[in-house]
Each structure stands twice: as C-alpha cells, then as structure tokens.
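Per the numbering used here: the sequence shown = residues 102 to 420.
C-beta: ideal position from N, C-alpha, C; glycine also.
Step one of this worksheet: look at the structure below.
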Amino acid sequence: MSIWHAFCAAVTLALTGLAAPLAALELELPASATLTLERASPVDSFDLPVAPFDGASVPARSMEGRVLRRSWRISSPGLTPLQVINPLRAQLQAQGFDLAFECDAPTCGGFDFRFNIEVLPGPNMYVNISQYRYLTAFSAEPDGPRQAVGILVSTTASSSYVQVVSIDKNTDLSVIVPRERPAEREPILAERSLDQSVQMLRQDGRYVLPGLAFAIGTSDLGPGPFPALKELSEFLSTTEGIRIALVGHTDTTGALATNISLSRARAQSVRARLIEVYGVAPDKVDAEGMGYLAPIATNLTDEGRRQNRRVEVVLLNTQ
102 MSIWHAFCAA VTLALTGLAA PLAALELELP ASATLTLERA SPVDSFDLPV APFDGASVPA
162 RSMEGRVLRR SWRISSPGLT PLQVINPLRA QLQAQGFDLA FECDAPTCGG FDFRFNIEVL
222 PGPNMYVNIS QYRYLTAFSA EPDGPRQAVG ILVSTTASSS YVQVVSIDKN TDLSVIVPRE
282 RPAEREPILA ERSLDQSVQM LRQDGRYVLP GLAFAIGTSD LGPGPFPALK ELSEFLSTTE
342 GIRIALVGHT DTTGALATNI SLSRARAQSV RARLIEVYGV APDKVDAEGM GYLAPIATNL
402 TDEGRRQNRR VEVVLLNTQ
C-alpha cells in the first residue's frame, strides 16, 4: 500500500460516524503526523482569511471565542498540498462546516499572503512559499456560525506541515488531537556548518543565517567577513531559477511597528551586502521584516532573545 493510500485509509476511518453537524470538532491526521506545537487561549480573537491578498492586506473575518492553535509535521515524502488538505476538508464538511474560502499558493498571493496571516513559528510550522494551500470554514448554524477553522498546509520533498487554528464561541471546545500529544517545546538553534545550512535550504526551504553581527539597535551590518553570505552568494550564483527572501526578526523589546521597521531594514542591509559585495543579481533576493511576530525561542531570557534576533533565508521558488 502506498503512503498516500494509507493516508486516505486513515481519513476514511476518521470519517466513520461523523454525521451530526454542530458536534464537537475533531480532525484525524495520519499516523505519521507528529504534533509540533500547541497553544490554547481561553478567550481570544482570530482573523480568518476570506479572500486572497488584495495588494495591501488579506481580507479577513474576525471571530472571538476559545482559540486553539496547533501544528503537525507529516513524515510522508512526495505529497502535494492538495493531497494533504483534501481529507481534512472532507472531514470538516462531514461535521457540518461550510467552506468559506480556499486558495493555493499562486491564487492566495504567494509570499504576500503568507506574511500577512498568522503562522506558528518555525521549525514547528514551515511554509514553502510555492507549495502551500489554505482554507477557512465556518459551522453551518441557523443563528450564525459558532465555530470556525483555518487550515494551512505546506509540503517539501520530504515532509508536509499542517497548521489548524480553531475558534469556538461555545464553552466546551473539543480539541483536535492526534494519538499522542507531546508538550509544547521551544527549539534551540543548533550549531551547524555552512554546507549544512545550504542543505537545509534545499530540503526545508529555510534556514537562519549564522554569524551575522549588527550594531545594537540599528540596521547596520558589521564589516564582516561573514562566511554565511559568501556561501549563500555562491549557491545563488551557481543555481538556476532560485529566488529567496531575507526575512528579519527581532525580540520583543520595543513597539511592534518599530521592530518590524528594524527587522526589515536589517534584511535589506544583508540584501545590499549580497548584491554590492558578492555580485548577487538583485532580482534573486527580496527583503522583508516580521519584527517579533515569529519567535523561535522564549523572550523571557537573554539567550532566547538572542536567538529571536535573526535573519532567515526563505526559498521562494525553484523555477
């Protein structure tokens, strides 16, 4: 039996007996899915995308209630985003949910859509800019929906990633649970060689640029040399059809608007260095900033804040 046939079989079993709408929400993932992150807010609001990126933002419908954010990694190579999301959509529809919006990477808005919606931090959740799919669904009830779900899936050559955000106005929201539920953990960036970094970009579509140094509180990239930039420039120059985004991140010190501006400016400084010193073609590199919205460690310690201050390389496409 193929991996995908096994996946479909698991979904078929999950759908058994799910005939009553408005029941507690339950989604079944394949056996190879591992829960990577879980965040529950008893009272919160969440903006659910209801249309593609419109040139300025992603149109959304806000809903209040208990918000549960979860992500999984599926260790099954060769799947497409549509293959992963199809059975999840079917389960939602079987439980009385109406599909409000669905898009794939090109129609969603690609890079712009991804960076204008809430995505759980990596490596718990990873979005391959050219291989993802999103859907929003609301429960069908006479007095208006009391439950809503946003599902984001993305695939790489070796794995698939699933993010499910559920919002429930009721007091007894049932969780979306795989067979095992590991405790939430925050990753620690391991030291790695430069060659391993490029391999990570090829495999996972992203990695953190190691060894960069900025003047405190500024966007000024130090004089270097920075071996990571030399290696990245060689990779870009020798690989056809590659485009990347440099995405700056900060810790939570200061206001959000200030941090977004600073993180974008730092990414732009790295981009300028790649172009001016290493001769990388400008059309191969974009630069964006996320401020403190995508931490990879706690901001309660000096070490965690140090890890959160970073510039990531994100693979946009290979065409």
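Top-ranked residue by Cα proximity to residue i, from the options
i    : options                : result
D387 : Y235, L417, G380, T402 : L417
G323 : L313, S260, A356       : L313
L126 : Q248, S172, N229       : Q248
R372 : G210, S231, V412, S240 : V412
T339 : L130, P326, D205, Y379 : Y379
F239 : V250, N229, Q232       : V250
V168 : K331, P311, Q264       : Q264
V144 : G156, G166, D155, R162 : G166
L375 : E341, K331, S362, L401 : K331
D155 : S370, P222, E341, T208 : T208
R215 : Q194, S362, P150       : P150
Y262 : T135, G245, V414, E341 : T135
Whether residue i touches residue j by CB criterion (8 Å)
i    : j    : result
R234 : V220 : no
S260 : R170 : no
G210 : P160 : no
I268 : M391 : no
L357 : Y308 : no
I230 : A258 : no
Rounded C-alpha distance that separates residue i from residue j
i    : j    : result
T256 : R407 : 29 Å
L128 : L183 : 17 Å
P396 : V266 : 18 Å
G197 : D352 : 41 Å
K270 : P243 : 15 Å
A191 : L236 : 12 Å
A382 : S133 : 40 Å
D148 : F212 : 18 Å
T359 : N409 : 16 Å
E404 : F327 : 22 Å
P188 : G355 : 43 Å
R140 : N217 : 20 Å
V278 : T137 : Any reading at V278 must be qualified, since the residue scores a pLDDT of 47, below 50, and its modelled position is unreliable; the value itself is stated next. So the alpha carbons of these two residues sit roughly 12 Å apart.
V185 : L130 : 9 Å
G349 : A241 : 40 Å
S158 : Y227 : 21 Å
I252 : L310 : 29 Å
S146 : R162 : 10 Å
M102 : T399 : Because the pLDDT of M102 is 44, which lies under 50, any placement of that residue in the model is unreliable, and the question is left without a value.
N225 : E377 : 34 Å
P222 : Q232 : 18 Å
T402 : G245 : 44 Å
V415 : A329 : 14 Å
Run of the beta strand (DSSP E) containing residue i, from where it starts to where it stops
i    : result
R162 : 161-175
S240 : 233-240
G156 : First-last for G156: undefined, no H or E at that position.
T256 : 248-256
T339 : Note, T339: premise wrong, no beta strand (DSSP E); alpha helix (DSSP H) at 328-339.
A201 : 198-205
Y262 : 261-269
E389 : 386-390
F315 : Note, F315: premise wrong, no beta strand (DSSP E); not H, not E.
beta-carbon residue i near the ligand FMN non-hydrogen atom, thresh 7 Å
i    : result
G156 : Of the ligands one can find in the structure shown there are none, so the ligand FMN has no counterpart to examine.
Residue i: first and last residue of the uninterrupted alpha helix (DSSP H) it sits in
i    : result
A358 : 357-377
A191 : 182-195
D403 : 403-409
D213 : 211-215
Contact between the segment 194-204 and the segment 317-336 (3+ Cβ pairs under 8 Å): no
Taking three-plus beta-carbon pairs below 8 Å as touching, is the segment 299-308 in contact with the segment 178-198? no
Report yes or no: do the segment 315-329 and the segment 355-372 share at least 3 C-beta pairs separated by less than 8 Å? yes
Assess, as a yes-or-no matter, whether the segment 381-398 is touched by the segment 343-352 under the definition of 3 or more beta carbon pairs within less than 8 Å. yes
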